[in-house]
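All remarks here apply to the structure that follows.
There are 2 protein chains.
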Amino acid sequence: MAATSIGTARRRRDGEPKVRGTTRFTGDLQIHGLLHGRLVLAGDAHARLNGVDAAAALALPGVVAVLTAADLPLRPGAGGRAGLPLARDEILWSGQPVALVVGESEAAAEDGAGLVVVDAEPLPAVLDLEAAIEAGSPPARVHAAPAVDGGAAGAHGAPDDEATADAHGAAGAGGSEQAPSSPNVVTQRRMTGGDAAAGLAAAAVVVSGRFRTPWVHQGYLEPQVAVAWTEPDGELVVHASTQGAFALRQSLSSLLGLPLDKIRVRPGVIGGAFGGKLALLEPLVAAAAVKLRRPLRLALARSEDFAATNPAPAQLIELELGATAEGRLTALRGRVVADRGAVADMGVEAISTALCAGPYAWPAHDLKAVGVLTNRVGAGAYRAPGAPPAAFALETLLDELAQRLGLDPIELRLRNVLTAGDRGIDGQEVAVLGARECLEALREHPLWSGRGALPAGEGVGVALGFWPGGLEPAAAICRLDADGRLTIVTAAADMSGVENAFATIAAETFGLAEDDVRVATGDTSSAPYGGVSGGSKVTYTYGRAVERAAAEARERLLRIASAELEIAPEDLEVADGEVRPLGAPGRAIKLADLAARTLSFGSPHEPIEGYGGVAQVSRAPGAAAHLSHVRVDVETGAVTPVAHVIAQDVGRALNPALVDGQLMGGSAQGLGWALLEELAYDEDGQLRSGSFAEYALPSFDVVPPIETLLVEVPAPDGPFGAKGVGEPPVVAAPPAVANAVAAAVGVRLRTLPMTPSRVWAALEDAR
Amino acid sequence: MAATSIGTARRRRDGEPKVRGTTRFTGDLQIHGLLHGRLVLAGDAHARLNGVDAAAALALPGVVAVLTAADLPLRPGAGGRAGLPLARDEILWSGQPVALVVGESEAAAEDGAGLVVVDAEPLPAVLDLEAAIEAGSPPARVHAAPAVDGGAAGAHGAPDDEATADAHGAAGAGGSEQAPSSPNVVTQRRMTGGDAAAGLAAAAVVVSGRFRTPWVHQGYLEPQVAVAWTEPDGELVVHASTQGAFALRQSLSSLLGLPLDKIRVRPGVIGGAFGGKLALLEPLVAAAAVKLRRPLRLALARSEDFAATNPAPAQLIELELGATAEGRLTALRGRVVADRGAVADMGVEAISTALCAGPYAWPAHDLKAVGVLTNRVGAGAYRAPGAPPAAFALETLLDELAQRLGLDPIELRLRNVLTAGDRGIDGQEVAVLGARECLEALREHPLWSGRGALPAGEGVGVALGFWPGGLEPAAAICRLDADGRLTIVTAAADMSGVENAFATIAAETFGLAEDDVRVATGDTSSAPYGGVSGGSKVTYTYGRAVERAAAEARERLLRIASAELEIAPEDLEVADGEVRPLGAPGRAIKLADLAARTLSFGSPHEPIEGYGGVAQVSRAPGAAAHLSHVRVDVETGAVTPVAHVIAQDVGRALNPALVDGQLMGGSAQGLGWALLEELAYDEDGQLRSGSFAEYALPSFDVVPPIETLLVEVPAPDGPFGAKGVGEPPVVAAPPAVANAVAAAVGVRLRTLPMTPSRVWAALEDAR
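Taken in sequence, the protein lines are chains C and Y.
Position in the first sequence counted from 1, then plus 107, gives you this note's numbering.
Position in the second sequence counted from 1, then plus 107, gives you this note's numbering.
The structure is reproduced here in structure tokens:
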């Protein structure tokens with residue numbers, strides 16, 4: 108065999124073109140006759156929509172149309188957010204799209220949008236999550252009850268909480284519970300096992316807390332954008348920055364009533380998504396393009412993206428847990444309330460509730476998940492949906508528990524962490540999990556062992572995060588071209604350097620250099636099927652399909668080489684771009700020669716190609732443990748991260764450079780959750796942080812050096828042992844910081860982000 | 108099983124959109140910033156090119172550039188026609204592109220082209236095929252000797268005569284012969300077997316003749332067109348009306364020096380090709396788009412297409428053959444001279460020579476193939492390249508032989524026709540061939556048996572044609588979509604209703620209704636490999652790949668249905684859009700349900716997809732016999748076809764309606780060869796028939812009712828026994844007409860087309 112590609116650090120393939128600016132994003136597409144859309148966003152947080160006066164806008168030169176909900180050719184009854192791209196009868200949040208102004212130019216559309224008058228009659232707005240669940244709360248929606256189960260199912264592919272949990276990899280457990288306490292409580296679910304009350308009663312120590320986390324935006328660099336047009340034969344083409352081409356096609360088919368084969372979704376290059384780019388703008392843009400019979404682009408401005416898309420929702424988590432004096436956990440009890448915003452078809456409460464158990468063994472649990480409507484933007488998925496809030500609550504309490512028990516926090520976790528053969532609260536047996544190994548890796552780290560010698564106001568915190576990993580079928584084809592290079596084709600969205608992962612897997616499997624593998628993305632017309640890029644499952648599912656496709660092509664290659672060389676396939680090896688007879692390298696044939704001979708008139712050989720389809724049935728959960736070293740300014744409450752270490756079980760690091768990048772990016776986003784990020788609204792429900800000036804993403808002056816420790820506990824069904832690595836690293840960064848703050852200055856924060864004012868207030872309380 | 112799709116007549120899928128005008132052809136593509144090209148064509152037939160004065164053109168508003176050969180970024184040494192898209196140093200034919208004027212609009216380019224001044228110094232022009240091969244002929248090319256073998260090989264994929272023959276299905280035989288008799292003879296090849304001289308000497312009867320056929324244009328409705336642009340990342344995209352996407356990509360890679368994966372060929376819908384659309388305009392358009400960094404379209408006007416493309420070349424065939432008194436053929440001797448025009452990389456002389464033997468057994472043969480340069484447009488492929496002239500010579504002489512021997516012409520052919528197990532003059536054993544069955548079908552036809560009772564001036568002629576069938580690897584993938592419909596993906600060009608054939612094959616193999624199969628064409632970036640659509644091999648090769656892909660998908664389907672139903676796969680059947688347990692139809696699952704369940708989050712099933720790759724190693728030659736009934740006006744020489752019957756071995760008629768269409772279309776084109784079509788040039792080499800006003804395609808007032816007899820001798824390796832049917836029907840129509848003329852009025856024509864003046868002259872000679 109040639110030198111292995113696996114485990115070799117290589118640059119991201121999409122890096123150079125993105126840095127050079129030669130990548131063509133969806134918004135860069137140049138289309139003949141393209142129209143431009145601009146949204147008219149609602150001002151009120153909740154109002155009766157009496158009408159839209161478009162006369163002045165339509166009078167502007169260059170304005171082609173002003174579309175409202177009634178103008179869109181959507182199937183009646185199409186539910187959920189996708190079925191309601193523009194407000195109908197009722198305005199549900201400040202920032203909701205009410206009309207789409209279409210112009211011959213961006214400027215015309217923009218000017219037109221400024222002239223549209225929305226006639227709305229204010230209604231009581233439901234803005235506070237805790238007030239929303241009170242029995243006496245006014246309803247956040249008056250006209251139409253949201254269809255949480257059923258109607259919207261086909262549209263998003265992930266309509267209700269159960270499906271959403273599945274999409275991102277969690278297995279829901281337990282039954283539903285009816286009797287909502289307020290008109291805004293749209294889902295309630297209870298998950299129980301054992302006798303939690305007895306477990307808590309029998310515990311030597313019980314700790315509890317009430318945790319709040321805010322609305323957080325995914326912060327992708329490329330705002331939401333979509334382009335759509337119809338071909339003369341009626342085919343609808345949608346070029347979109349989407350995480351799921353086939354899922355989007357399905358959604359559009361349901362919404363527009365078009366057969367699947369009359370819709371072609373071309374997955375564009377994605378400028379960041381993190382869960383937020385799943386059929387959001389496309390229904391509107393597609394419907395408008397069908398209506399107007401012209402190509403249309405809608406590209407949100409940054410402020411619109413903050414106000415009108417689908418960020419991670421606010422959560423309220425109440426949790427109590429107990430342990431024996433030896434530090435054995437006895438029971439977990441609590442409630443997870445998640446805001447669904449005004450559009451109810453996406454919620455994180457179920458998965459977040461399940462994740463409150465962490466990767467630990469619980470003799471008993473009693474957890475309740477509550478999904479709540481408010482007059483806020485609809486909730487969406489963001490890297491490990493629901494996991495950071497759950498980990499913030501659980502891991503903070505575990506830290507407190509260790510403190511109360513006088514146990515080393517890592518030791519407490521090691522005594523309870525799930526390992527292979529254990530069962531989680533969902534009752535499923537854990538196949539392989541490297542959580543223990545991650546904790547052990549941190550225990551040996553000098554930052555942990557040396558934490559006692561830090562100056563005053565500094566501290567080190569530890570926390571463990573967990574992500575169950577998603578499953579969805581995927582397929583790939585591969586083709587040896589006449590130049591001896593291999594082409595891999597999938598429908599996987601361009602995200603997180605998947606091109607590299609596929610190339611590494613194919614190169615290793617087929618037996619050529621990674622640079623001789625090209626990775627192509629097909630559209631829904633011609634690519635093999637593949638699921639949504641989300642839930643940390645692309646490498647685990649698509650990657651496995653790529654491995655199979657390359658293996659099948661290699662078999663064909665050896666069969667053909669065997670015929671040409673008259674040597675049995677088992678006596679041949681593929682290396683360095685050649686097929687070589689073992690022991691007779693002088694008779695080697697170059698792949699390019701073999702391929703060119705095969706792909707020609709009269710060739711007696713079939714193409715050297717392969718197909719791989721896969722349905723993983725075993726999950727490959729990921730775990731990541733963090734050490735956070737912070738310095739707290741007791742005068743101002745400012746928390747400064749000094750150092751950060753993450754140990755993550757990555758299964759097998761196909762390309763350590765890219766895996767490191769995921770771990771660093773996830774940790775950085777976790778620091779954003781911990782210290783900075785919050786979509787802040789005023790008392791009228793108006794967004795106050797609608798730009799990166801007000802919405803504080805962690806930048807390089809905030810993020811400390813991040814040290815990554817790659818723990819490799821191979822996933823049996825992953826390609827070369829690899830598993831998804833995208834979501835785990837964000838999960839436990841916030842509690843690691845919170846625990847570091849506690850270690851530094853002795854106060855425990857219950858609300859994210861841990862802003863200077865909150866820390867200062869906590870210090871004041873403690874003083 | 109459901110009712111079979113095989114053998115059921117169905118409409119062409121591409122028919123309705125083409126009739127309605129909703130098909131988007133390459134020339135209809137709307138591209139942002141598109142530039143338009145217009146060619147400056149040479150006036151002289153042969154000249155030294157001293158320069159091009161573009162100043163006046165460049166001064167015109169809207170003219171962007173005037174490109175000449177030196178401006179194109181083609182690799183030095185790139186040979187053949189593809190390497191010489193614009194004249195360099197020397198003008199080789201009247202009509203040769205000398206410059207490309209590029210404008211912001213068609214009108215600007217057109218106006219600019221009118222202002223370009225070509226400075227050329229006339230050279231002696233070689234215009235007559237017979238004079239061109241004389242030792243004293245001036246050379247048709249002065250500056251550069253054409254590279255017949257070698258240099259151009261990579262570019263066209265079919266550079267020399269051997270490869271060309273292969274491309275269209277013939278196996279060359281015999282060795283090359285050097286020592287050209289004139290500077291214009293660029294290839295000579297002799298094919299021998301047995302002792303032809305002895306065979307002729309021993310024959311009871313010998314007949315001979317000298318036959319001439321003209322340059323004939325393919326007459327496609329859509330003139331040549333190509334569009335190209337470069338993406339910001341440097342990828343060259345070529346959208347072309349081409350018969351071979353992968354072959355074109357290979358050619359462009361060689362010419363432009365770009366890696367294969369930096370070129371994406373998007374095969375567009377083809378508005379007729381018949382062999383003429385193989386990398387002709389694309390090298391120029393691609394090179395210009397790379398040079399100008401702007402999207403560019405070049406769409407030829409009809410007159411340009413007549414003057415500057417690649418029609419079938421003129422031929423001169425001298426043949427003599429002998430037979431015993433019992434009508435056993437003894438020997439065949441002769442020479443086939445084919446014009447290659449001014450660009451030498453495509454010639455039909457080798458295959459035409461091989462086809463002069465027809466589908467008959469010859470104890471001895473001695474044939475010479477000669478390829479000749481002249482100052483005419485370069486030769487190209489046209490439906491069964493070289494076959495109609497060969498059949499015209501051979502089948503006319505056989506008719507004469509039968510007359511001399513007093514044998515029924517069909518009986519004479521039956522005594523000598525090849526059947527399974529016989530060997531052709533190439534020495535290959537014939538596997539399966541339905542030529543005999545075709546003759547037998549005609550022998551029973553009332554038109555044949557009743558031919559003795561026709562009025563004066565009318566006659567019926569018979570002739571048999573043959574096409575060896577091409578081979579080239581091909582592949583397909585298929586995918587069951589969530590709506591229960593099957594998608595087939597190949598790189599096969601849209602020609603001749605292949606969508607129907609693929610759908611029929613897939614439907615029958617998989618087990619669903621043909622309407623539930625969609626056929627998609629992929630581009631070279633993501634489609635599995637496939638060869639050129641030519642040589643009557645698409646159904647035979649791609650079709651077989653489709654069958655395999657559908658079979659593999661069906662296996663997956665049954666495996667998944669088996670798991671869902673807990674019934675063994677062998678106890679399941681697929682029919683009417685369902686998987687049904689045998690004997691328990693009530694437990695059937697709809698394909699759509701199964702597919703939707705499979706293609707979803709958490710599905711335990713891999714996608715229901717399949718891959719099929721194929722390399723046919725056995726040829727499936729086709730044969731077609733014609734009866735032509737004509738009326739000859741002895742006063743004017745006008746020949747009027749009265750009726751026409753074609754009996755063709757089609758292997759298995761997957762869709763009789765489409766097969767009938769091929770037989771009728773081929774017969775009609777054969778009538779054009781016989782009676783009407785000729786690219787006529789004046790004594791200066793100027794084309795006189797540059798429009799459909801002068802170039803007479805057979806129209807409906809000329810073509811008589813054509814009766815088709817589908818003879819089904821299954822091809823063992825064809826999908827469901829099918830074989831290629833495109834080329835055989837054109838081959839023997841001309842000699843059938845010629846033999847009918849002889850039967851009607853007793854004169855034998857040796858030159859095509861058999862115009863009234865030629866027939867009248869022959870009648871005069873005979874009177």
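Beta carbons are placed, not taken as given, at the ideal position from N, Cα and C, and that holds for glycine.
Fair warning: this is a prediction, and the values are worked out from it, not measured in the lab.
Notebook entry, point to check: Whose C-alpha, out of Trp574/Y, Ala500/Y and Glu411/Y, is nearest the C-alpha of proline 841/Y?
Noted result: Within the second sequence, the letter at position 734 stands for residue 841/Y. Closest by alpha carbon: Ala500/Y.
Next item on the list: Return no unless some Cβ of chain Y is closer than 8 angstroms to the Cβ of phenylalanine 708/C.
Entry: As a position in the first sequence, residue 708/C is number 601, starting the count at 1. With 8 angstroms as the cut-off, phenylalanine 708/C counts as an interface residue toward chain Y.
Checklist line | CB contact flag (aspartate 452/Y, arginine 119/Y, <8 angstroms) | finding: Taking the first residue of the second sequence as position 1, residue 452/Y is located at position 345. Taking the first residue of the second sequence as position 1, residue 119/Y is located at position 12. With contacts defined by Cβ atoms closer than 8 angstroms, aspartate 452/Y and arginine 119/Y do not form a contacting pair.
Margin query: Mapping the DSSP letters down to three states, classify glycine 441/Y as helix, strand or coil.
Written below: On the second sequence, position 334 is the one that residue 441/Y refers to. Glycine 441/Y: strand per DSSP, three-state reduction.
Check: Smallest Cα separation from proline 229/Y: which of Gly169/Y, Ala149/Y, Val332/Y and Leu181/Y?
Finding: Residue numbering aside, residue 229/Y sits at position 122 when the second sequence is read from its first letter. Nearest C-alpha to proline 229/Y: Ala149/Y.
Margin query: Measuring straight from C-alpha to C-alpha, what distance separates glycine 879/Y and arginine 373/C?
Written below: An answer regarding residue 879/Y cannot be provided, because it is not within the stretch 108 to 874 covered by chain Y.
Notebook entry, point to check: Going along the region 116–144 of chain Y in order, which residues come within less than 9 angstroms of chain C, judged by CB to CB distance?
Noted result: Of all residues in the region 116–144 of chain Y, only Pro124, Arg127, Gly128, Thr129, Thr130, Arg131, Asp135, Leu136, Gln137, Ile138, His139, Gly140 and Leu141 place a beta-carbon less than 9 angstroms from a beta-carbon of chain C.
Next item on the list: Give the residues of chain C in contact with glutamine 357/Y, contact being defined as C-beta atoms less than 8 angstroms apart.
Entry: Taking the second sequence and counting its residues from 1, the one referred to as residue 357/Y is at position 250. Correct list: Ala589.
Checklist line | Cβ neighbour criterion (16 or more within 10 Å) applied to alanine 280/C | finding: Within the first sequence, the letter at position 173 stands for residue 280/C. The predicted position of alanine 280/C is uncertain, since its pLDDT is 38 and thus under 50; a value taken from the coordinates is nonetheless stated next. Under this definition alanine 280/C is a buried residue.
Next item on the list: Grab me the residues of glycine 797/Y's own chain with a C-beta within less than 8 angstroms of its C-beta, minus the 5 sequence neighbours each way, in chain order.
Entry: Along the second sequence, one-based indexing puts residue 797/Y at 690. Excluding positions up to five away in sequence, the list reads Arg409, Ser410, Phe413 and Ala414.
Check: If you follow the alpha helix (DSSP H) that cysteine 585/Y is part of, which residue opens it and which one closes it?
Finding: On the second sequence, residue 585/Y is found 478 positions in, with the first residue counted as 1. Careful: cysteine 585/Y lies outside any alpha helix (DSSP H), inside the beta strand (DSSP E) at 581–587.
Check: When the Cα atoms are used, what is the spatial distance from leucine 385/C to aspartate 601/C?
Finding: Stepping through the first sequence from its first residue, residue 385/C is reached at position 278. Stepping through the first sequence from its first residue, residue 601/C is reached at position 494. Their Cα atoms are separated by approximately 14 angstroms.
Margin query: At a CB distance below 8 angstroms, what residues from the region 711–724 of chain C approach chain Y? Give them in sequence order.
Written below: Pro711, His712, Glu713, Pro714, Glu716, Gly717, Tyr718, Gly720, Val721, Ala722 and Val724
Next item on the list: Would you list, in chain order, the members of the region 573–607 of chain C that have their beta-carbon closer than 8 angstroms to a beta-carbon of chain Y?
Entry: Cβ proximity to chain Y below 8 angstroms picks out Gly577, Leu578, Glu579, Pro580, Ala581, Ala582, Ile584, Arg586, Asp588, Ala589, Asp590, Arg592, Thr594 and Val596 from the region 573–607 of chain C.
Note to self: Less than 8 angstroms between the beta carbons of glycine 63/Y and arginine 401/Y, yes or no?
What the structure shows: It is not possible to answer for residue 63/Y, since the shown part of chain Y is limited to 108 through 874.
Note to self: At the level of alpha carbons, what is the spacing between proline 863/C and tryptophan 200/C?
What the structure shows: Numbered from its first residue, the first sequence carries residue 863/C at position 756. Numbered from its first residue, the first sequence carries residue 200/C at position 93. Approximately 29 angstroms between the Cα atoms of the pair.
Item checked: methionine 861/Y in three-state terms, based on DSSP -> Here residue 861/Y is taken as the residue at index 754 of the second sequence, counted from 1. Coil, per DSSP.
Notebook entry, point to check: CB alanine 311/C to CB aspartate 791/C, shorter than 8 angstroms?
Noted result: Position 204 of the first sequence, counting from 1, holds the residue named residue 311/C. Position 684 of the first sequence, counting from 1, holds the residue named residue 791/C. No.
Note to self: To the nearest angstrom, how far is the alpha carbon of phenylalanine 353/Y from that of serine 632/Y?
What the structure shows: To locate residue 353/Y, count along the second sequence from 1; it is residue 246. To locate residue 632/Y, count along the second sequence from 1; it is residue 525. Taking the straight line joining both Cα atoms gives about 10 angstroms.
Note to self: Can you list, in chain order, the residues of its chain with a C-beta nearer than 7 angstroms to that of glycine 637/Y? Leave out the 5 residues immediately preceding and following it.
What the structure shows: Walking along the second sequence from the start, residue 637/Y turns up at place 530. For glycine 637/Y, where only same-chain residues beyond five positions count, the Cβ hits under 7 angstroms are Phe353, Ala581, Ala582, Thr597, Ala598, Ala599 and Tyr649.
Checklist line | Check whether alanine 702/Y and aspartate 623/Y have beta carbons under 8 angstroms apart | finding: To locate residue 702/Y, count along the second sequence from 1; it is residue 595. To locate residue 623/Y, count along the second sequence from 1; it is residue 516. In this structure, aspartate 623/Y does not lie closer than 8 angstroms to alanine 702/Y by Cβ.
Next item on the list: Figure out for me which residue from Val749/C, Ala242/C and His733/C has the closest Cα to the Cα of proline 495/C.
Entry: Reading the first sequence from its first residue, position 388 is the one you call residue 495/C. Of the listed residues, the one whose Cα sits closest to proline 495/C is His733/C.
Check: Excluding five sequence neighbours on each side, which residues of the same chain lie with their C-beta closer than 8 angstroms to the C-beta of glutamine 285/C?
Finding: Numbered from 1 along the first sequence, position 178 holds the residue referred to as residue 285/C. With a pLDDT of only 47 at glutamine 285/C, under the threshold of 50, the placement of this residue in the model should not be trusted; the figure read from the coordinates follows. Within the same chain, glutamine 285/C has close Cβ partners Gln295.
Next item on the list: Mark glycine 341/C as exposed unless 16 or more other C-beta atoms lie within 10 angstroms of its C-beta, in which case mark it buried.
Entry: Here residue 341/C refers to the residue found at position 234 of the first sequence. That one is exposed.
Item checked: Where threonine 616/Y meets chain C, residues with beta-carbon distance less than 7 angstroms -> On the second sequence, residue 616/Y is found 509 positions in, with the first residue counted as 1. Those within 7 angstroms of threonine 616/Y in chain C number zero; the least Cβ separation is about 16 angstroms.
Check: What does tyrosine 647/Y reach in chain C if we use C-beta pairs closer than 7 angstroms?
Finding: One-based indexing of the second sequence puts residue 647/Y at position 540. Within 7 angstroms Cβ-Cβ: nothing; tyrosine 647/Y doesn't reach chain C, min ~13 angstroms.
Margin query: Against chain Y, does glutamate 269/C count as a neighbour if the rule is that its beta carbon must be under 8 angstroms from one of theirs?
Written below: One-based indexing of the first sequence puts residue 269/C at position 162. Caution applies to glutamate 269/C, whose pLDDT of 39 falls short of 50 and renders its modelled position unreliable; the value that the coordinates give is listed next. Chain Y contact via Cβ: absent.
Notebook entry, point to check: When burial is assigned at 16 or more other CB atoms within 10 Å of the CB, is glycine 210/Y buried or exposed?
Noted result: Against the second sequence, residue 210/Y aligns to sequence position 103. Buried.
Item checked: Three CB pairs or more closer than 8 angstroms across the region 606–618 of chain Y and the region 485–495 of chain Y -> No contact exists between the region 606–618 of chain Y and the region 485–495 of chain Y.
Next item on the list: Measuring only between beta-carbons, confirm whether glutamate 677/Y sits less than 8 angstroms from chain C.
Entry: Taking the first residue of the second sequence as position 1, residue 677/Y is located at position 570. Not one chain C Cβ lies under 8 angstroms of glutamate 677/Y.
Note to self: Can you confirm whether threonine 705/C, when its beta carbon is compared against all beta carbons of chain Y, has any partner nearer than 8 angstroms?
What the structure shows: For this step, residue 705/C is matched to residue 598 along the first sequence. Yes, contact with chain Y.
Checklist line | Residues that glutamate 338/Y contacts on chain C, provided the C-beta gap is smaller than 7 angstroms | finding: Taking the first residue of the second sequence as position 1, residue 338/Y is located at position 231. Near glutamate 338/Y (Cβ distances below 7 angstroms), the residues of chain C are Arg131.
Item checked: aspartate 368/Y at chain C interface by Cβ criterion, 8 angstroms -> In the second sequence, the residue the question calls residue 368/Y occupies position 261. At least one chain C Cβ lies under 8 angstroms of aspartate 368/Y.
Notebook entry, point to check: Hey, how far is the Cα of glutamate 433/Y from the Cα of glycine 568/Y?
Noted result: As a position in the second sequence, residue 433/Y is number 326, starting the count at 1. As a position in the second sequence, residue 568/Y is number 461, starting the count at 1. Distance between the alpha carbons of glutamate 433/Y and glycine 568/Y: 21 angstroms.
Notebook entry, point to check: Does any residue of chain Y bring its CB to less than 8 angstroms from the CB of proline 748/C?
Noted result: For the purposes of this step, residue 748/C is taken as the residue at position 641 of the first sequence. No, proline 748/C lies away from the interface with chain Y (no Cβ there is under 8 angstroms from its Cβ).
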